[in-house]
Amino acid sequence: MSYRAEYIWIDGSIPTSKLRSKTKVVPSGEDLPIWGFDGSSTNQAPGKNSDCVLRPVLVLPDPIRGGDDVLVMCEVLTVDMEPHPSNTRAACVATEEKYASFEPWFGIEQEYTFFKDGRVHGWPSHGYPAPQGGYYCGVGDDEIYGRDVVEAHTKNCMDAGIAISGTNAEVMIGQWEFQVGPLGPVATSDHLWLARWLLYRTAEDFGIAATLDPKPVKGDWNGAGAHTNFSTKQMRESYEPIIAACEALGTRAEEHIDHYGADIEHRLTGLHETAPWTEYSYGVSNRGASVRIPWQVAQEGKGYIEDRRPNANCDPYVVTRLITETVCSQAAG
Ligand code: ADP
Ligand code: MN
Ligand code: MN
Ligand code: MN
Numbered sequence: 015m016s017y018r019a020e021y022i023w024i025d026g027s028i029p030t031s032k033l034r035s036k037t038k039v040v041p042s043g044e045d046l047p048i049w050g051f052d053g054s055s056t057n058q059a060p061g062k063n064s065d066c067v068l069r070p071v072l073v074l075p076d077p078i079r080g081g082d083d084v085l086v087m088c089e090v091l092t093v094d095m096e097p098h099p100s101n102t103r104a105a106c107v108a109t110e111e112k113y114a115s116f117e118p119w120f121g122i123e124q125e126y127t128f129f130k131d132g133r134v135h136g137w138p139s140h141g142y143p144a145p146q147g148g149y150y151c152g153v154g155d156d157e158i159y160g161r162d163v164v165e166a167h168t169k170n171c172m173d174a175g176i177a178i179s180g181t182n183a184e185v186m187i188g189q190w191e192f193q194v195g196p197l198g199p200v201a202t203s204d205h206l207w208l209a210r211w212l213l214y215r216t217a218e219d220f221g222i223a224a225t226l227d228p229k230p231v232k233g234d235w236n237g238a239g240a241h242t243n244f245s246t247k248q249m250r251e252s253y254e255p256i257i258a259a260c261e262a263l264g265t266r267a268e269e270h271i272d273h274y275g276a277d278i279e280h281r282l283t284g285l286h287e288t289a290p291w292t293e294y295s296y297g298v299s300n301r302g303a304s305v306r307i308p309w310q311v312a313q314e315g316k317g318y319i320e321d322r323r324p325n326a327n328c329d330p331y332v333v334t335r336l337i338t339e340t341v342c343s344q345a346a347g
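Just so you know, the sequence shown maps onto residues 15 to 347 in the working numbering.
Below, the structure written as structure tokens:
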């Protein structure tokens, strides 16, 4: 008997990388081997020297195929077994090791939008849907589009062992969110990339496409973000390190914005529950700030902060690495 392993990796598309995958039939009892692919088809290698290497980093049960089949998150290496330039995970691993004593945790709120037949799912073929107001956490056939996909995706994530922690309908019609975490920087990111793959794959069977476009509809409609919740051991114990973390993020705001996802300036306008990308701010309960200290955290004097800036299309390996580096390097003095 054999089983199927779906090797999943992140490509070299610019400015936003995409997920790719292919199936390997593996004889039972054999370990998952290192594998390869044609990097000239994924913007990861020239045609004359096209081989790239896939190294498994996380193996989970495949909830769609079932049985002994597995999903295999991979990192991309060159044929010298070095991290490929498109491999942002390797640097995230190094940062997590460097600041291990801080025990950083992340929880990411992944927002996304469903498309059907080339338009936002729920958008009428002529004219406009009702303006925003009733869709967020809504219920009913006039407000909710795609709940069947959301339910199937959540179940698939749970069955795979992904640390999904919740879902909700979002402010724009056809827009949804799921949360992953809290886990360390690398694990949160591995889980989020796999949850994204499962989202696309689950929606396929419903004839629906999901997109992480940060501003899928221009105008008076909310964009899609990836609010990134963060804490260190010190922040989980007292308040002063929480303020210090907010201040630290302010010292490298431009660098963070540059790495929080393509087209971030279209989303962080200062409207629609965002702070303008040009100005850094933080505050308790403030959904118009770059970084929010949740009300309950201020009340209890410990907990975590929410960086509201990352785009839905961000690379979590990059976002979690940057936040860990910026906050922990300054806390270390
Ligand atoms: P919001 O109120 O902004 O919509 P959500 O409930 O959607 O918040 O998401 C909160 C996220 O914060 C979850 O992903 C959760 O796992 C994460 N989280 C909770 N506690 C911590 C913590 N101490 N450190 C990091 N992340 C945390
Ligand atoms: Mn949320
Ligand atoms: Mn949200
Ligand atoms: Mn949030």
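Quick reminder that beta carbons are idealized off the backbone N, C-alpha and C, glycines included.
All of these numbers come straight from a predicted model, not from anything done at the bench.
- Taking each of D321, E191, D76 in turn and checking the Cα distance to M172, the smallest one comes out for D76.
- Shown here, P75 sits in a strand according to DSSP, grouped into three states.
- In this structure, the C-beta of E110 stays at least 8 Å away from each heavy atom of ligand 1.
- The criterion of a C-beta distance shorter than 9 Å is satisfied by A238 and N325.
- In this structure A108 is exposed. Its beta-carbon is surrounded by fewer than 16 other beta-carbon atoms within 10 angstroms.
- Taking every protein chain shown into account, the CB of P145 has fewer than 16 other CB atoms within 10 angstroms, so this residue is exposed.
- L208 and I176 have their alpha carbons spaced roughly 8 Å apart.
- Pairing I22 with M87 gives a Cβ-Cβ distance under 9 Å.
- Relative to ligand 2, even the nearest heavy atom lies 8 Å or more away from the CB of N63.
- Taking C-beta separations shorter than 7 Å and ignoring five residues to either side along the sequence, the partners of E339 in its chain run T109, following chain order.
- Straight across, the Cα-Cα distance linking G264 with H270 is about 9 Å.
- Distances between the C-beta of H241 and the heavy atoms of ligand 2 include at least one below 8 Å.
- In the same chain as Y214, and ignoring 5 residues on each side of it, the C-beta atoms closer than 8 Å to its own belong to L33, A223, A224, in chain order.
- Across the set K112, S64, A104, G80, the C-alpha of S64 shows the shortest separation from the C-alpha of V93.
- Here W211 carries a helix assignment [DSSP, helix/strand/coil].
- Set against 8 Å, the gap from the CB of N300 to the closest heavy atom of ligand 3 is not smaller.
- Within the DSSP bridge table, the entry for P41 names S16 as partners.
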